[in-house]
Structure formats: C-alpha cells, structure tokens
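Please read the structure below before turning to the comments.
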Amino acid sequence: MRATIVERPIDAAALLAEVASPAHGATALFVGTVRDVNDGRAVTGIEYSAYAAMAEKEMRSILEEAAVRFGVTAAVVEHRVGALALGEASVVIATAHAHRGPALDANRYLIEQLKQRVPVWKRELYTDGTREWVDPSGARAMAGAPASAPGARPGGASHA
Amino acid sequence: MVPVVTRVLLFASYADALGTSAIDVALPERATVADLLAEVRALAAAHALPPAPLVAVNQEYAALDVVLREGDEIAIIPPVAGG
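Quick mapping for you: the protein sequence lines, in order, are chains V and X. Under numbering that gives the first Met the number 0, the first sequence is numbered contiguously, ending at residue 159. Under numbering that gives the first Met the number 0, the second sequence is numbered contiguously, ending at residue 82.
Given below as structure tokens:
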C-alpha cells in the first residue's frame, strides 16, 4: 500500500508490477489523463499542484479505508504535479485481489474519494491563452469541514 | 493574553488571490478555526476567499470549533480538483 505525489511521468506498468502477486487473480488499473475539452472549452494542458504532505496523508487514509471495505492488501496510487500535456497521466491507481470484484470496487472507491478529499488542484490552460483554476465543487456548501467527514461517507458516493 | 503569530499556508487559487503562499495571523491563546477565519477575512484581498473555506490543521480537515495550538501546521484549502 503506497500513495505518492510525484513530479515526473507516471509509469503505469511499474505500478502494476508493484501490486503483482501469484495470490492475485485480478488487478485493476485506473489511469486518469489530461483531456482536450472541459466544459466546452478547448484545453491545451493542465498545471497540477498539491499540498503534498497532506495529499499523501489523505491518500494513505483512503487506502486504509479501501483495505477495510474491500479487503485489498495490494494497492498503490501515484498523483503527478507540474505541467502536464494532453494525454499525459495525472493519476494512476493499481489495486489487486484474489478476485475481480474487490479489485475493481477498491479501485473505484480510491479514485472517487481522491477526487473529493485529496488536496490537489489543477489550472487548465486554454487555446485562447487564458488559464483558470478548476472548481468542481460548484455550489457545494463550505462550512469549515467536508460535507461529510472522511470515513463517514455513505458508500463512497460517485459523481461519475 | 499575548497573541500568538501563526503562519497559515495558502494554495492554488487562494494563493493567487492573496498574492502569497503563506500569511501570518495574530491569534489569542485557545483560538479556534473559526477565529482564525475571522482574522483572515479581515486582511486586505481576503475578500477573494469564500466565507467559510476548508481549513486543515496538522494536515487533516478541521471543523470550525477545533482549538489551535502553538506550532500547529495550518492551511486554508481551496476546492480540491485532483484526478
């Protein structure tokens, strides 16, 4: 179980190798990449930044939650920061288990919770030369703490 | 009581809004997260922040009633956008 903020390209194959074991019959791999359009605007790249120490701590908490919920013992997350070009991987998550169900469920849980809780930010660069911080929270109430406390979230609510 | 000068970390859009990645705030002893936010709001340029942004104390999200202690690592957390 490992969660790391990195400043270099992410090697998905290395993450797969890290969770590999003859005891695993299933390995799930999620790769999040920089997309060329967001909200109808043409994107040329994304700058990611993080509160690295807290981001790694929060990702480790999510890994521990996934271990309890789904029984996965092999899971690794890397999130990249810095300037990323279109198509480059910003986040890669590998999870493994004896069976496919827990491997897939844990992987989905990890990316959904990461997007809700981990202090990472992105600034999109647009074709017209402008750039803007992305705020996916929209009208989410801000009351000094997350809407529901970590660990108390029902079912790892997915917005995908 | 003697105010304690506390460093508050800023990131991303909030760092841009205030033009710095950290600010120093004078707080009384046993000040809470809510007290901290009130002080921050009193600063010039802080109008760019939302009324009640998320706060992390020692790298964990903290509720408004959490009491701050000297040496705590405090950060104001913009809406996260990882992944």
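No residue lacks a Cβ here, since even glycine has one placed at the ideal position from N, Cα and C.
At a cut-off of 8 Å between beta-carbon atoms, residue 8 of chain V makes no contact with chain X. Residues of the stretch 26-37 of chain V with a Cβ closer than 8 Å to any Cβ of chain X, in chain order: 31.
Within the model, the alpha-carbon separation for residue 122 of chain V versus residue 50 of chain V is close to 15 Å. In this structure, DSSP gives residue 6 of chain X an extended state, which the three-state scheme calls strand. Taking the CA atoms as reference points, residue 133 of chain V sits about 7 Å from residue 120 of chain V.
Of the residues X/10, X/31, X/25, X/81, the one whose Cα lies closest to the Cα of residue 41 of chain X is X/25. Nearest Cα to residue 5 of chain X within the set X/14, X/61, X/28: X/28.
In terms of CA proximity to residue 18 of chain X, X/47 leads the group X/34, X/47, X/30, X/35. Between the alpha carbons of residue 11 of chain X and residue 77 of chain X lies a distance of about 7 Å. The DSSP assignment places 53-56, 59-61 as complete runs of the beta strand (DSSP E) inside the stretch 43-69 of chain X, in order along the chain (cut-off: 3 residues).
With a 10 Å radius around the Cβ and a threshold of 16 neighbouring Cβ atoms, residue 35 of chain V comes out exposed. Residue 74 of chain V is classed as buried because its beta carbon has at least 16 other beta carbons within 10 Å across all chains shown. Against chain X, the CB of residue 116 of chain V has a partner CB under 8 Å away; the residue lies at that interface. Judged by DSSP in its simplified three-state form, residue 125 of chain V adopts strand. No Cβ of chain V is located within less than 8 Å of the beta carbon of residue 41 of chain X. Using a Cβ-Cβ cut-off of 9 Å, residue 76 of chain X is close to 50, 53, 118 of chain V, given in chain order. The three-state secondary structure of residue 89 of chain V, taken from DSSP, is strand. At least one C-beta of chain X is nearer than 8 Å to the C-beta of residue 134 of chain V. Restricting attention to V/91, V/80, V/84, V/57, the CA atom closest to the CA of residue 115 of chain V is found in V/57.
Taking a C-beta cut-off of 9 Å against chain X, the contacting residues of the stretch 77-91 of chain V are 78, 89, 90, listed in chain order.
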